[in-house]
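Keeping their order, the protein sequence lines are chains A and B.
For what it's worth, my numbering labels the leading residue of the first sequence as 4, then goes sequentially.
For what it's worth, my numbering labels the leading residue of the second sequence as 3, then goes sequentially.
By construction, the Cβ of each residue, glycine as well, lies at the ideal position given by its N, Cα and C atoms.
Below is one structure, written out as structure tokens; the observations come after it.
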Amino acid sequence: MRNIHWPVMAGAVLLLSGCAHTPPPPMLSITQTSCDALPDMQHAQPIPFNGKDDTSVSVLFDGKTACLQSGADAKSLYRMYRLPDAQSPYLISIVSVPTEVSVFVPRITILDAKGAPVREIPPDSLTFRNGNLSALFRSHANDSYLLLASDSDQVGKSSQQILESTQVTTAVSGPLYFTYHSGNDQTRQLLYSHNGSVEITLSPIPQAR
Amino acid sequence: MKSFHWLIPGALALGLSACSTPEIPFDKASAGIQRIGLLTPGFPSGPSVALASDPGQSFGLVGALVDAGLQSNRESRFKAIPVGNGFEPSDEFWNDLVAQLQKDGYAVAGVPAFRDRSDFVKQIPPAQQPVDAYLDVVVDSYGYIAAGIGGDNPYRPFVVLQCKLVRASDSTILMQDRVAVNAVNQGGGGWAAPKLITISPDPAFSFPEMEDLTRNPKQAVDGTRSALVQSTDEIGKLLR
Chain A
4 MRNIHWPVMA GAVLLLSGCA HTPPPPMLSI TQTSCDALPD MQHAQPIPFN GKDDTSVSVL
64 FDGKTACLQS GADAKSLYRM YRLPDAQSPY LISIVSVPTE VSVFVPRITI LDAKGAPVRE
124 IPPDSLTFRN GNLSALFRSH ANDSYLLLAS DSDQVGKSSQ QILESTQVTT AVSGPLYFTY
184 HSGNDQTRQL LYSHNGSVEI TLSPIPQAR
Chain B
3 MKSFHWLIPG ALALGLSACS TPEIPFDKAS AGIQRIGLLT PGFPSGPSVA LASDPGQSFG
63 LVGALVDAGL QSNRESRFKA IPVGNGFEPS DEFWNDLVAQ LQKDGYAVAG VPAFRDRSDF
123 VKQIPPAQQP VDAYLDVVVD SYGYIAAGIG GDNPYRPFVV LQCKLVRASD STILMQDRVA
183 VNAVNQGGGG WAAPKLITIS PDPAFSFPEM EDLTRNPKQA VDGTRSALVQ STDEIGKLLR
């Protein structure tokens, strides 16, 4: 048994180290040669929403995501979503979660039932909310599809972020313990990228106090 | 204007409580708002100069009392700087906000309003002229904050505010949000509220020690002004 334990432990250590979080490198160009000329409506993923409870969809944009020929020389990764037929307006939140070095930069277009673009969420309305690059907007009556693509005009640009944080460290010595409060001031350069993690949430418009 | 210093540094470090103000985005296309009645903003009586963490916090009540004394000392030393440099933060904030709204095509009418604490106005007073909506802005705190002690944790300008646009005809909330320039503990599962708008401060305004703030009053004032302008820019963006 003793002889077996060591390989098992070594394997476990290797597995654990394999699980250590290594963010994917920023994708600044799309190498796929065959991209869709138009968004694929047929495979749009429906987002269910009952009008009362938040519904979230988490997605990853990476090298396996479909691409769109968005201009003569411009390609974007994209995903298509079918929005619910709601009786009243609701909120659409799109949150792009940064890694240490990069963040997926979205271009958000709303299409009608025939697939014609009805409006684009202005890129300059994107803002950082709690450190995540976010869009928050209301649905309109004729919103049928959400086209979420990487914004090739923004990819390669960057945003400087100053992050201030505090930590509490606890040290134990015998029956005594001691907590130490300290701070950290960090500056990072977030590169806008084609790839990254995004969360889409549909929610009712909150009743403000 | 009343002092809201009791909010500090708790609200600063926590990036404001997440529970009180749900975010409601404005939809300009459907709202039909052209004339805004701008309520007198809630504004602290003076700037704050805060340490988000320091070793005194490790020593219980005694440490907390020492911290409070040190904070009071920092603020009294800093308070003279805006005054001595002809800087009226609340006036400039008002002017920036009006300019920002007018730039976006709104007609703006000032509406005198009073509040007894750092919160939205409970009963909106009628405007002297017809308006489509009222904009209520509360600056909870502003000034300088450092994450901790030492030159690696410089003092940087900060602003924390909340804002709300209310339709005049039926009191519907058309927009509501919170904005923080230089929020502490944002991202990564930190303490800041999940949807708080977080804006990085201008890196040009970084003061390694408290003494650097008092020795460079003009830059200290410019940094405060910069953060306030960043916050009014964001309010303008929320109403586009």
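Checklist entry - Residues of chain A with CB under 9 Å from S202 of chain B, in chain order? => result As a working mapping, residue 202 of chain B is identified with position 200 in the second sequence. Chain A residues near S202 of chain B: F131, S162, Q163, Q164, I165, L166, T190.
Checklist entry - Closest to G66 of chain A by CA distance: which of A:M83, A:Q35, A:D76 is it? => result Sequence index remark: in the first sequence, residue 66 of chain A carries index 63 (1-based). The candidate whose alpha carbon is nearest that of G66 of chain A is A:Q35.
Checklist entry - Residues of chain A with a CB under 7 Å from the CB of P156 of chain B: which are they? => result As a working note, residue 156 of chain B is residue 154 in the second sequence. Taking a Cβ-Cβ threshold of 7 Å, the residues of chain A close to P156 of chain B are D188, in chain order.
Next on the checklist: List, in chain order, every chain B residue whose beta-carbon is nearer than 8 Å to that of S128 of chain A.
Outcome noted: For the purposes of this step, residue 128 of chain A is identified with residue 125 of the first sequence, where counting begins at 1. The contacting residues are K239, R242.
Next on the checklist: With H, G and I counted as helix, E and B as strand and the rest as coil, what does DSSP make of D156 of chain A?
Outcome noted: Your numbering for residue 156 of chain A matches position 153 in the first sequence. The answer is coil: DSSP assigns D156 of chain A none of H, G, I, E or B.
Checklist entry - Just curious, the beta strand (DSSP E) that L103 of chain B is in, first and last residue? => result Start at 1 with the first residue of the second sequence, and residue 103 of chain B comes out as number 101. Segment 91-105 is the alpha helix (DSSP H) holding L103 of chain B; no beta strand (DSSP E) there.
Next on the checklist: My assumption, with CB atoms under 8 Å, is that G44 of chain B sits in contact with R117 of chain B. Please give the rounded CB distance.
Outcome noted: Here residue 44 of chain B refers to the residue found at position 42 of the second sequence. Here residue 117 of chain B refers to the residue found at position 115 of the second sequence. With a Cβ gap of about 5 Å, G44 of chain B and R117 of chain B count as contacting.
Next on the checklist: Just to confirm, is the Cβ distance from L215 of chain B to Y157 of chain B under 7 Å?
Outcome noted: As a working note, residue 215 of chain B is residue 213 in the second sequence. As a working note, residue 157 of chain B is residue 155 in the second sequence. Contact: yes.
Item to check | the stretch 218-237 of chain B touching the stretch 91-107 of chain B, judged by at least three CB pairs closer than 8 Å | outcome: The answer is yes - the stretch 91-107 of chain B touches the stretch 218-237 of chain B, with three or more Cβ pairs under 8 Å.
Checklist entry - What do you reckon, is the C-beta of Q164 of chain A under 6 Å from a heavy atom of the ligand MG? => result As for the ligand MG, it is missing from this structure, which has no ligand bound.
Next on the checklist: Just checking: is the beta-carbon of Y176 of chain B within a distance shorter than 7 Å of some beta-carbon in chain A?
Outcome noted: Here residue 176 of chain B corresponds to residue number 174 of the second sequence, with the count starting at 1. Residue identity differs from the one stated: residue 176 of chain B is Leu in this sequence, not Tyr. Not an interface residue.
Item to check | Closer than 8 Å at the beta carbon, the chain B residues around T169 of chain A | outcome: Numbered from its first residue, the first sequence carries residue 169 of chain A at position 166. Under the 8 Å cutoff, chain B gives A15, A54, S55, A149, G150, V186, N187.
Checklist entry - Mind checking F131 of chain A: buried by the 16 CB within 10 Å criterion, or exposed? => result Within the first sequence, the letter at position 128 stands for residue 131 of chain A. With 16 or more Cβ atoms within 10 Å of its Cβ, F131 of chain A is classed as buried.
Next on the checklist: Can you tell me whether L152 of chain A is buried or exposed? The criterion is at least 16 other CB atoms within 10 Å of its CB, across all chains shown.
Outcome noted: Walking along the first sequence from the start, residue 152 of chain A turns up at place 149. Residue identity differs from the one stated: residue 152 of chain A is Ala in this sequence, not Leu. So A152 of chain A counts as buried.
Checklist entry - Which residue's Cα is closest to the Cα of P26 of chain A: A:P120, A:S128, A:S105? => result By 1-based counting over the first sequence, the position of residue 26 of chain A is 23. Of the listed residues, the one whose Cα sits closest to P26 of chain A is A:S105.
Checklist entry - Using a C-beta to C-beta distance shorter than 9 Å, which residues of chain B count as neighbours of P87 of chain A? => result Locating residue 87 of chain A in the first sequence gives position 84, counting from the first residue. Here the premise fails: no neighbours, minimum Cβ distance about 18 Å.
Next on the checklist: Against chain A, does I35 of chain B count as a neighbour if the rule is that its beta carbon must be under 7 Å from one of theirs?
Outcome noted: As a working mapping, residue 35 of chain B is identified with position 33 in the second sequence. It does not; no Cβ of chain A falls within 7 Å.
Item to check | Proximity winner among A:A40, A:Y93, A:L86, relative to A75 of chain A (alpha-carbon distances) | outcome: Counting from one through the first sequence, the residue named residue 75 of chain A turns up at place 72. Answer by Cα proximity: A:A40.
Checklist entry - Does the beta carbon of P209 of chain A come closer than 7 Å to any beta carbon on chain B? => result Here residue 209 of chain A is taken as the residue at index 206 of the first sequence, counted from 1. With 7 Å as the cut-off, P209 of chain A counts as an interface residue toward chain B.
Checklist entry - Since A111 of chain B sits in a beta bridge, which residues does DSSP pair it with? => result Residue 111 of chain B sits at position 109 when you count from the first residue of the second sequence. In DSSP, A111 of chain B forms a bridge with B:G39.
Checklist entry - Hey, does P27 of chain B have any beta-carbon neighbour from chain A nearer than 7 Å? => result Here residue 27 of chain B is taken as the residue at index 25 of the second sequence, counted from 1. Judged by the 7 Å Cβ criterion, P27 of chain B is in contact with chain A.
Item to check | Neighbourhood of Q221 of chain B by C-beta distance below 7 Å, restricted to the same chain and skipping five residues each side | outcome: Taking the second sequence and counting its residues from 1, the one referred to as residue 221 of chain B is at position 219. Excluding five sequence positions before and after Q221 of chain B, the CB atoms of its chain that fall closer than 7 Å to its own CB belong to F207, given in chain order.
Checklist entry - Taking the DSSP output, what are the residues bridged to V162 of chain B? => result Indexing the second sequence from 1 puts residue 162 of chain B at position 160. Paired residue(s): B:S143, B:A182.
Item to check | Three-way DSSP call (helix, strand, coil) for T226 of chain B in this model | outcome: Here residue 226 of chain B refers to the residue found at position 224 when the second sequence is read from its first residue. Here T226 of chain B sits in helix by DSSP.
Checklist entry - Around the C-beta of S59 of chain A, are 16 or more other C-beta atoms found within 10 angstroms, so that it is buried, or is it exposed? => result On the first sequence, position 56 is the one that residue 59 of chain A refers to. Exposed, because fewer than 16 other Cβ atoms sit within 10 Å of the Cβ of S59 of chain A.
Checklist entry - Alpha carbon to alpha carbon, what distance is there between K105 of chain B and Q36 of chain B? => result As a working note, residue 36 of chain B is residue 34 in the second sequence. As a working note, residue 105 of chain B is residue 103 in the second sequence. Their Cα atoms are separated by approximately 12 Å.
Next on the checklist: Could you pull the DSSP bridge partners for D207 of chain A from this structure?
Outcome noted: As a position in the first sequence, residue 207 of chain A is number 204, starting the count at 1. It should be noted that the sequence gives Pro, not Asp, for residue 207 of chain A. According to DSSP, which records beta bridges pairwise, P207 of chain A is partnered with A:Y93.
Item to check | Of the residues B:A31, B:G39, B:D69, B:Q232, the one placed nearest A135 of chain B, counting alpha carbons only | outcome: Counting from 1 along the second sequence, the entry for residue 135 of chain B is found at position 133. Answer by Cα proximity: B:G39.
Next on the checklist: For the structure I just gave you, are there three or more beta carbon pairs, one from the stretch 92-111 of chain A and one from the stretch 191-200 of chain A, closer than 8 Å?
Outcome noted: Result yes; three or more Cβ-Cβ pairs closer than 8 Å.
Checklist entry - If you measure from the beta carbon of L205 of chain A to each beta carbon in chain B, is any gap under 7 Å? => result Here residue 205 of chain A is taken as the residue at index 202 of the first sequence, counted from 1. Closer than 7 Å: no.
Checklist entry - Which term fits V183 of chain B, buried or exposed, when burial requires 16 or more other beta carbons within 10 angstroms of its beta carbon? => result As a position in the second sequence, residue 183 of chain B is number 181, starting the count at 1. With 16 or more other Cβ atoms from the protein chains shown falling within 10 Å of its own Cβ, V183 of chain B counts as buried.
Checklist entry - Do the stretch 154-167 of chain A and the stretch 41-57 of chain A meet, that is, are 3 or more Cβ pairs less than 8 Å apart? => result At 8 Å Cβ cutoff, the stretches do not touch.
Checklist entry - Looking at the unbroken alpha helix (DSSP H) that takes in I50 of chain A, where does it start and where does it end? => result Locating residue 50 of chain A in the first sequence gives position 47, where the first residue counts as 1. Here I50 of chain A belongs to no alpha helix (DSSP H), and DSSP marks it neither H nor E.
Item to check | Through-space distance from N97 of chain B to A109 of chain B, alpha-carbon basis | outcome: Position 107 of the second sequence, counted from the first residue, corresponds to residue 109 of chain B. Position 95 of the second sequence, counted from the first residue, corresponds to residue 97 of chain B. Between A109 of chain B and N97 of chain B, the C-alpha separation is close to 14 Å.
Next on the checklist: Below 7 Å on C-beta distance, what does I83 of chain B contact in chain A?
Outcome noted: As a position in the second sequence, residue 83 of chain B is number 81, starting the count at 1. Those do not exist, as I83 of chain B stays about 22 Å from chain A at its closest Cβ, beyond 7 Å.
Item to check | Within chain B, the residues that F140 of chain A reaches when beta carbons sit closer than 8 Å | outcome: The sequence position of residue 140 of chain A within the first sequence is 137, counting from 1. Near F140 of chain A (Cβ distances below 8 Å), the residues of chain B are P27, D29.
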